[in-house]
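To start, the structure itself, in structure tokens.
2 protein chains.
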Amino acid sequence: MPPRPTGLSRRTLGTLGLLAFVAPRPAGAQPASEALPSWKPSAARQAIIDFVEAVTREGGPDFVPPPARIAVFDNDGTLWCEIPTVQFEFALDRIRQMAPHHPEWSTTEPFRTALKRDEAELAALGSRGIMELMLATHAGSTPEAFEEEVNAWLSTARHPKFHRPYLTTIYQPMLELLALLERNGFANYIVSGGGIEFVRAWSERAYGIPPQRVIGSSIRSVFRFPQGGQPELHRLAEMDFIDDGPGKPVAIGKFIGRRPIAAFGNSDGDLEMLQYVTAPPGRRLGLVVHHDDAAREVAYDRQSPIGRLDRALDQAPVRGWSVVSMRQDWSTVFPPL
Amino acid sequence: MPPRPTGLSRRTLGTLGLLAFVAPRPAGAQPASEALPSWKPSAARQAIIDFVEAVTREGGPDFVPPPARIAVFDNDGTLWCEIPTVQFEFALDRIRQMAPHHPEWSTTEPFRTALKRDEAELAALGSRGIMELMLATHAGSTPEAFEEEVNAWLSTARHPKFHRPYLTTIYQPMLELLALLERNGFANYIVSGGGIEFVRAWSERAYGIPPQRVIGSSIRSVFRFPQGGQPELHRLAEMDFIDDGPGKPVAIGKFIGRRPIAAFGNSDGDLEMLQYVTAPPGRRLGLVVHHDDAAREVAYDRQSPIGRLDRALDQAPVRGWSVVSMRQDWSTVFPPL
């Protein structure tokens, strides 16, 4: 194993209250209409404001009591930039970091390609090769050690296009939306196709969402209490659950046990979650983030190199989901540095 | 399928705020020493009070910030009476209710024995037969329909010895403990060997613990959105996860993602959870409920008919866990009717 990198743990950072990018919460109630400064006037912004006002108006026909005010957010492409996939960048850097302890990797696939880091060859690895890289870099330690590895990496890694730390390639308008919902009694959950413990390592700091409100894909862990050792969890190189597509409503049922009333996504992996959340009678909100801003982010959902990722966009008008155009509807994309 | 019984849903009851048995919370702070009226002076009671005061004392050496104040409770035998196993009683009653639609059950095991309900023959079914009965009675519907079935049953079923509804065979002293912790900024979780959706159906009403803070054993669910139908989860007759023994720390890692600082259990199924929670440095609390009250409850943990269930009791003095004697240390066992 490589030496354990140092870095502030999630617990330490959470303790310090470093929820750096979430707007401070005013003591009094703020009108919903003033709560989304980075959202230009648009149908999507109005739909959010109307929804929040409707479900919080006591005595109103759409009132929802606070315990049932649950909102679910996809992460990649909905709360932060997913091009490149941050967790895969982490895996590639980990491979390089671990390589001195694995001389065989220089000639063994998929590690050879990961070390070479050629875009086209990486893309040709396919899901099986990518899974092998993810398992090799995510397993073999305790959750606490893995959390430190993730945070150590985040403290130095930079986004290749925007040259800023990944925790600042989150979307400022979505931070305002999270804060608006939380101020109005919502519990915000992340329901990510990404790794549950990868996201938990920093979600509280970046979004104000604590680990127990992060749901994601997972590898298996086992409990170990060796003679002379300590009782710990140990992360195995085996998949446990893929939290994507139809897996998202299944995971919501398992982790939350209550159907949310609002869902936010951007891609086909969020389609079933949006359907599940918005179908029942009663006031519901579904929103799809449309990646059409080539200048300030990346325009890709209607024109992805790996095929179209826009079934959720296609279904939006039919199902009454709002679509937010990043290019037209957001005055800012990322928070100020 | 049998007709769906009517009954108030968890959502309805939660909305009405019917947390009937939880002591009302005073507006001001209540000294921890006054918060456990059903606990007689004892080492266990003092350990609880000292722990709460230590981890909430700002600036003190054992201070723990609120987000890390997580407490985990076993359910069966820790928060409510587990003799008989309530969920198995539910299954047996469901078998009887479903039997008219399954004429083959009168001659097929384990259903024949379940319908006959002979104690000795039921005990001889073994874990495989019991699992078959559980799956047959817990699957095949949506989570919402299952929740209604559980609550309809609870509204009429009575404990065979105490002749009171099962939601009143919860332990009054533990309700006071839950309320004390919650008032002091803790998030209380149930980590049950019982079914996650069985417990979620009533945990908020009985304990003030919402569904998203209930972890338990689970069957698999799948997402379905049939043409012309609605997007729903569907419960399959397949086990997903057994939340018992070493499974409890694994489930805590998966659902909470943060190691709790207090654990409450009563049996061997809680041993690993107690070990996992109390091992790290820093102030921790482990407590074992000792079932030694033959008059007011059942005396069984040191003398169980199915073998000794007292490894947690044996380890308590070695690991610094408190043991509460139900007979000696609790002035009341169940809440007033």
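Line by line, the protein sequences are chains Y and G.
Residue numbering for the first sequence follows numbering that gives the first Met the number 0, beginning at 0 and increasing consecutively.
Residue numbering for the second sequence follows numbering that gives the first Met the number 0, beginning at 0 and increasing consecutively.
All residues carry an ideal CB built from backbone N, CA and C; glycine is no exception.
is_contact[residue i, chain Y] using C-beta, thresh 8 Å
| i | result |
| --- | --- |
| arginine 318 of chain G | no |
| isoleucine 255 of chain G | yes |
| alanine 311 of chain G | no |
| phenylalanine 185 of chain G | no |
| glutamine 211 of chain G | yes |
| tyrosine 275 of chain G | yes |
| leucine 284 of chain G | no |
| proline 245 of chain G | yes |
| glycine 207 of chain G | no |
| valine 337 of chain G | Only positions 0 to 336 of chain G appear in the structure, and residue 337 of chain G is not among them; the question remains open. |
| glutamate 271 of chain G | yes |
| glutamine 353 of chain G | The structure shown has nothing for residue 353 of chain G, since chain G only spans 0 to 336. |
| leucine 232 of chain G | yes |
| glycine 194 of chain G | no |
| serine 330 of chain G | no |
Own chain partners of residue i with C-beta closer than 6 Å, once the 5 adjacent residues on each side are dropped
| i | result |
| --- | --- |
| alanine 113 of chain G | Leu91, Ile94 and Leu132 |
| alanine 34 of chain G | Leu179 |
| tryptophan 104 of chain G | Ala98 and Phe110 |
| serine 217 of chain G | Ile195, Asp239 and Phe240 |
Cutoff 8 Å: residue i Cβ touching any chain G Cβ
| i | result |
| --- | --- |
| arginine 199 of chain Y | yes |
| glutamine 314 of chain Y | no |
| tyrosine 165 of chain Y | no |
| valine 149 of chain Y | no |
| alanine 278 of chain Y | yes |
| valine 21 of chain Y | Summary for valine 21 of chain Y: the model assigns pLDDT 41, below 50, so the residue's position carries little reliability, and this model does not support an answer. |
| phenylalanine 222 of chain Y | yes |
| glycine 252 of chain Y | yes |
| glutamine 226 of chain Y | no |
| leucine 91 of chain Y | no |
| glutamate 237 of chain Y | no |
| proline 142 of chain Y | yes |
| leucine 153 of chain Y | no |
| proline 66 of chain Y | yes |
| serine 191 of chain Y | no |
Collapsed DSSP secondary structure at residue i in the structure displayed
| i | result |
| --- | --- |
| tyrosine 170 of chain G | coil |
| histidine 289 of chain Y | strand |
| tryptophan 38 of chain G | strand |
| leucine 336 of chain Y | coil |
| alanine 122 of chain G | helix |
| valine 297 of chain Y | coil |
| isoleucine 189 of chain G | strand |
| aspartate 75 of chain Y | strand |
| glycine 281 of chain Y | coil |
Continuous beta strand (DSSP E) stretch holding residue i: start and end
| i | result |
| --- | --- |
| aspartate 239 of chain Y | 231-240 |
| phenylalanine 72 of chain G | 69-72 |
| valine 51 of chain Y | Segment 42-55 is the alpha helix (DSSP H) holding valine 51 of chain Y; no beta strand (DSSP E) there. |
| asparagine 265 of chain G | Segment: none, asparagine 265 of chain G is in no beta strand (DSSP E) and carries neither H nor E. |
| phenylalanine 222 of chain G | 213-223 |
| valine 323 of chain G | 321-324 |
Presumed contact (8 Å Cβ cut-off) between residue i and residue j, rounded CB distance
| i | j | result |
| --- | --- | --- |
| tryptophan 38 of chain G | tryptophan 320 of chain G | Not quite, the Cβ-Cβ distance comes to about 16 Å (not below 8 Å), so this is no contact. |
| leucine 273 of chain G | glycine 285 of chain G | 5 Å |
| aspartate 242 of chain Y | glycine 215 of chain Y | 5 Å |
| arginine 204 of chain Y | leucine 166 of chain Y | 7 Å |
Endpoints, alpha helix (DSSP H) assigned at residue i
| i | result |
| --- | --- |
| arginine 337 of chain Y | In the structure as shown, chain Y begins at 0 and stops at 336. Residue 337 of chain Y is therefore absent and cannot be evaluated. |
| serine 126 of chain Y | 125-137 |
| alanine 98 of chain G | Looking at the DSSP string, alanine 98 of chain G is not in any alpha helix (DSSP H), and its letter there is neither H nor E. |
| serine 202 of chain G | 202-206 |
| alanine 315 of chain G | 310-318 |
| lysine 337 of chain Y | Absent from the structure is residue 337 of chain Y, since the part of chain Y shown begins at 0 and ends at 336. |
| valine 63 of chain Y | Element bounds for valine 63 of chain Y: n/a, residue is neither H nor E. |
| phenylalanine 145 of chain G | 142-153 |
| phenylalanine 161 of chain G | Note, phenylalanine 161 of chain G: premise wrong, no alpha helix (DSSP H); not H, not E. |
| glutamate 196 of chain G | 195-199 |
Residues of its chain near residue i, where Cβ-Cβ distance is below 7 Å and the 5 sequence neighbours each way are ignored
| i | result |
| --- | --- |
| tryptophan 152 of chain G | Phe89 and Asp92 |
| glycine 264 of chain Y | Asp73, Thr77, Met272, Leu273, Val287 and Ala311 |
| arginine 157 of chain G | Arg163 and Pro164 |
| aspartate 291 of chain G | Ala298, Ser324, Met325 and Arg326 |
| arginine 56 of chain Y | Phe62 |
Same chain, Cβ closer than 8 Å to residue i, five either side skipped, listed in chain order
| i | result |
| --- | --- |
| glycine 128 of chain G | Glu108, Pro109 and Thr112 |
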